[in-house]
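Reviewing the structure listed below.
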Amino acid sequence: MTGFGVDLGAMAQTIKGVDDTVALLKEFAPDGGFLMASTTSLGFLCPDEDECGDEELADALDEFFDRWKWGVRHLVEEGTAMVEALTDTRSVYEEAEDKLKQGFQLLIGDPNSTADPADRSWEDLLREPAASPSGRSSSTPAGGRP
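To get this note's numbering, take the position in the sequence shown, counting from 1, and add 1040.
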């Protein structure tokens, strides 16, 4: 293949991968990190000074968990937006490819064909003989026999 191309299969795999990752983050922090508190997710490690045994350690962990919440929240939001954008982009490419195939079917294919050009490969469309305005294939002589 020469020139620009989009691998719709690879795009679908990317969408699934990002979506699966966002789903795992949501399992880890079901609220997307908005309500992550000392009793959820990683907060059970050392929720307060009494359980940590040291005020400085408790403060450091509190700061870490606060940053963690914001990081998870950001990852969930951005991942969700990425999945939506990639899905929309993939749909646009699929629609454009279907329209191009239909246009080529009209130009080089059999206009009387009931086959949907969007279901056929580019190679199949290009292999078909072009139809003439009279409805006969350009490879069929006027007498009707090849």
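C-beta: ideal position from N, C-alpha, C; glycine also.
Inspect the beta-carbon positions of Ile1055 and Leu1147 and report whether they are closer than 7 Å.
No, the pair does not count as a contact, with Cβ atoms beyond the cut-off.
Note down the Cα distance separating Arg1107 from Asp1059, rounded to an integer number of angstroms.
Straight through space, the alpha carbons of Asp1059 and Arg1107 are spaced by roughly 23 Å.
Indicate the three-state DSSP secondary structure (helix, strand or coil) for Ser1131 in the structure shown.
DSSP places Ser1131 in helix when its eight states are reduced to three.
Taking the alpha helix (DSSP H) that Gly1049 belongs to, which residues open and close that run?
Unbroken alpha helix (DSSP H) run through Gly1049: 1048-1068.
Alpha helix (DSSP H) containing Asp1090: first to last residue?
First-last of the alpha helix (DSSP H) with Asp1090: 1089-1092.
Under a Cβ-count criterion, where at least 16 other Cβ atoms within 10 Å of its own Cβ denotes burial, should Gly1043 be classed as buried or exposed?
It is exposed - the Cβ of Gly1043 has fewer than 16 other Cβ atoms within 10 Å.
With DSSP run on the structure shown, which of helix, strand or coil describes Gly1045?
Of the three classes helix, strand and coil, the one that applies to Gly1045 here is coil, per DSSP.
Pop quiz: Val1112 and Ala1069 are said to be a contact at Cβ under 8 Å. What is the actual Cβ separation, rounded to whole angstroms?
Right, their Cβ atoms sit about 5 Å apart.
Can you tell me whether DSSP reads Arg1160 as helix, strand or coil?
Note: Arg1160 maps to coil in three-state DSSP.
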